[in-house]
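Step one of this worksheet: look at the structure below.
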Amino acid sequence: MVSLMTSAKAKAKDVIRLERESVIPVMKPRIIVKLAELIELDNDRSEFLMLCKRVEYTIRAWYLLKFEDLMQLFSLFDPVCGERRLEQHKLSANEIDRLELNFLKYFFQVMEKSNFTIVDDEEIEVAQSGQYLLHLPIKVDEKKLDNKLLARYFNDYPHKNLPSFSDKYVLFRRGIGIDHTTDFFVMEKLDMIITRVWMWFLRATGLQMLFERKPNVTSKKDTEKTEDEGTDDEEDQDIFVERIRIENMELSIRNLISQNTIQEPTFDRMIVVYRRASTKTKIDRGIHVKHFKNIPMADMELVLPEKRNPSLTPMDWVKFLVSVVLGLVTLVSSLEMPKADIWVVAAIISGLAGYCAKIYFSFQQNMQTYQNLITQSMYEKQLDSGRGTLLHLCDDVIEQEVKEVIISYFILMEQGKLHARDLDHKCEELIKEQFNEECNFDVEDAVQKLEKLGIVARDPIERIYCVPLKRANEIIGPTTEEMVLKAQTVTEEA
Numbered sequence: 004m005v006s007l008m009t010s011a012k013a014k015a016k017d018v019i020r021l022e023r024e025s026v027i028p029v030m031k032p033r034i035i036v037k038l039a040e041l042i043e044l045d046n047d048r049s050e051f052l053m054l055c056k057r058v059e060y061t062i063r064a065w066y067l068l069k070f071e072d073l074m075q076l077f078s079l080f081d082p083v084c085g086e087r088r089l090e091q092h093k094l095s096a097n098e099i100d101r102l103e104l105n106f107l108k109y110f111f112q113v114m115e116k117s118n119f120t121i122v123d124d125e126e127i128e129v130a131q132s133g134q135y136l137l138h139l140p141i142k143v144d145e146k147k148l149d150n151k152l153l154a155r156y157f158n159d160y161p162h163k164n165l166p167s168f169s170d171k172y173v174l175f176r177r178g179i180g181i182d183h184t185t186d187f188f189v190m191e192k193l194d195m196i197i198t199r200v201w202m203w204f205l206r207a208t209g210l211q212m213l214f215e216r217k218p219n220v221t222s223k224k225d226t227e228k229t230e231d232e233g234t235d236d237e238e239d240q241d242i243f244v245e246r247i248r249i250e251n252m253e254l255s256i257r258n259l260i261s262q263n264t265i266q267e268p269t270f271d272r273m274i275v276v277y278r279r280a281s282t283k284t285k286i287d288r289g290i291h292v293k294h295f296k297n298i299p300m301a302d303m304e305l306v307l308p309e310k311r312n313p314s315l316t317p318m319d320w321v322k323f324l325v326s327v328v329l330g331l332v333t334l335v336s337s338l339e340m341p342k343a344d345i346w347v348v349a350a351i352i353s354g355l356a357g358y359c360a361k362i363y364f365s366f367q368q369n370m371q372t373y374q375n376l377i378t379q380s381m382y383e384k385q386l387d388s389g390r391g392t393l394l395h396l397c398d399d400v401i402e403q404e405v406k407e408v409i410i411s412y413f414i415l416m417e418q419g420k421l422h423a424r425d426l427d428h429k430c431e432e433l434i435k436e437q438f439n440e441e442c443n444f445d446v447e448d449a450v451q452k453l454e455k456l457g458i459v460a461r462d463p464i465e466r467i468y469c470v471p472l473k474r475a476n477e478i479i480g481p482t483t484e485e486m487v488l489k490a491q492t493v494t495e496e497a
């Protein structure tokens, strides 16, 4: 399972540590062309290209019926037109409940095959331990979400490490990227200056304990590792991404007057699944599936369903009121002294006014940023929804399966007999050397598909080996697509 964790290495920097994912981040045509170029003999190259086509056609045929069932089931729960189709079928409530669970079962299987992972509580806590472009607390209006459908599904089909909100909605993630934003960040810098001045004032008056924040979140995997986990090897394979934020910036004239670039790791793809709550007069059977791209981890709230309008948090109000009271008490105490220092009084009034202004202007700026980000997530970051998302997923499954088979067969063809662990390392090395990409290659799944195709076998000591290219093409045989293309060619020539 892919996990998200903070790094214990970088104490001075805000670093996120991520385990490599199983998804191969290279396009299938590029893999096929590059591997074909590495084959010296023309006949072998032609056989390899034919094998790639036959592998893809065969794997597509394996999933065809399952994908058709998935799409047929979703048509009954499509938020746009599913209600009308359910009425036409005249199904009972129990039958509809059973079909809902069947759809979710197929859907979660496709998500697993597409290398999507359910976001758990620990990942959300780590991701939201920092801020990027969004600086407002975003909450879900849980009253608007159904809490029965997903609860029934997870009761019948248990999953590990489910988040606390899994009965209302589920977030999936896949792929890791980095987002950069360059700007002057005037309000953010002003907020940083006021915050640092205010914190200096609190330390000087010994009141910092009242406003002290909790320490940064660290993963259990950082603190509870044992020797038998091979922590050194795992750590070498992990991906480290630094968070670069304005609040951690070095305070200097150059940084304040020039443009700055901030950085945040992103989830390359995110999918959210949920159902809206039914009303007293109408039962809602629609299942919403939305697909997003390039979502910054710290701004993950952008993809949440049924968001409430943001406002000042209770803690902000507490800080505001406590600051006012403490400021007034200190001010009155200073004025009652026989020789009140006018500079001390001015500093207190300035600090109090500045802090109040900071809260107000920061909230207004953050509200504007929130509206812009919501608009951007709707028009730029949302890839698709409903049926379109399911079609994307079906294509992703097929492409991922084909890439795993092609790469693992190529390695066996070039290297000869290998144990599964050695094959795994060789496949990862090939992806790194030829495409400059990294992934945690799923060798077990790849070998299972190769064995199902009948083009690999194992010797008595469990080493895996492949049949020759020509024999592999004979075993798979002509596919339906090849026969259709051949018939079309004959018709055109005639």
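Per our numbering, the sequence shown runs over residues 4 to 497. Think of the CB as a built atom: it goes at the ideal place given N, C-alpha and C, for glycine as much as any other residue.
Per DSSP, the continuous alpha helix (DSSP H) segment holding L433 begins and ends at 423 to 438. Within the same chain, F204 come within 6 Å of G354 by CB-CB distance, once the 5 residues on both sides are set aside.
Here the alpha carbons of S49 and E40 stand approximately 11 Å from one another. Judged by DSSP in its simplified three-state form, L394 adopts helix.
Going by C-alpha positions, L153 is about 12 Å away from N105. Taking a C-beta distance under 9 Å as the contact criterion, L386 and F413 do not qualify as a contact pair. Between R279 and K147, the beta carbon gap of about 6 Å places them in contact (Cβ cut-off 8 Å).
Annotation: A460 to L54 spans about 17 Å, alpha carbon to alpha carbon. Along the length of the segment 243 to 296, whole alpha helix (DSSP H) runs at least 4 residues long occupy 256 to 260, reported in chain order. By the neighbour-count criterion, in which 16 or more other beta carbons inside 10 Å mark a residue as buried, D398 falls on the exposed side.
In the three-state scheme derived from DSSP, where H, G and I count as helix and E and B as strand, K310 is classed as strand.
In this structure, the beta-carbon distance from L453 to I467 falls below 9 Å. The C-beta of M114 has 16 or more other C-beta atoms within 10 Å across all chains shown, which makes the residue buried. Looking at the DSSP output, L148 sits in a beta bridge with R279. Judged by DSSP secondary structure, H138 falls outside any alpha helix (DSSP H); it is assigned neither H nor E. Under the DSSP assignment, F70 falls outside any beta strand (DSSP E), being part of the alpha helix (DSSP H) whose first and last residues are 45 to 80. Membership of Y172 in the beta strand (DSSP E) is indicated by the continuous run 172 to 186. Here the C-alpha atom of D124 lies approximately 15 Å from the C-alpha atom of V275.
Less than 9 Å separates the beta-carbon of I458 from that of C469. For A39, the enclosing alpha helix (DSSP H) covers residues 31 to 40. In the structure shown, the three-state DSSP call for Q131 is coil. Separation of G209 and V400 (C-alpha to C-alpha, rounded to the nearest whole angstrom) is 58 Å. Within a 10 Å sphere around the beta-carbon of N118 sit 16 or more other beta-carbons, which makes this residue buried. Linking Q131 to R272 through their CA atoms gives a straight-line distance of about 17 Å. Under a 10 Å Cβ-count criterion, L139 is classified as buried, with 16 or more other Cβ atoms of the shown protein chains found around its own Cβ.
Within its own chain, the residues whose Cβ lies closer than 8 Å to the Cβ of V29, once the five positions on either side in sequence are excluded, are K406, I434, F438, E440, listed in chain order. C-alpha of C442 to C-alpha of E86: approximately 42 Å in a straight line. Straight-line measurement puts the Cα of P313 at about 52 Å from the Cα of A423.
DSSP places Y160 in the coil class of the three-state scheme, outside both helix and strand.
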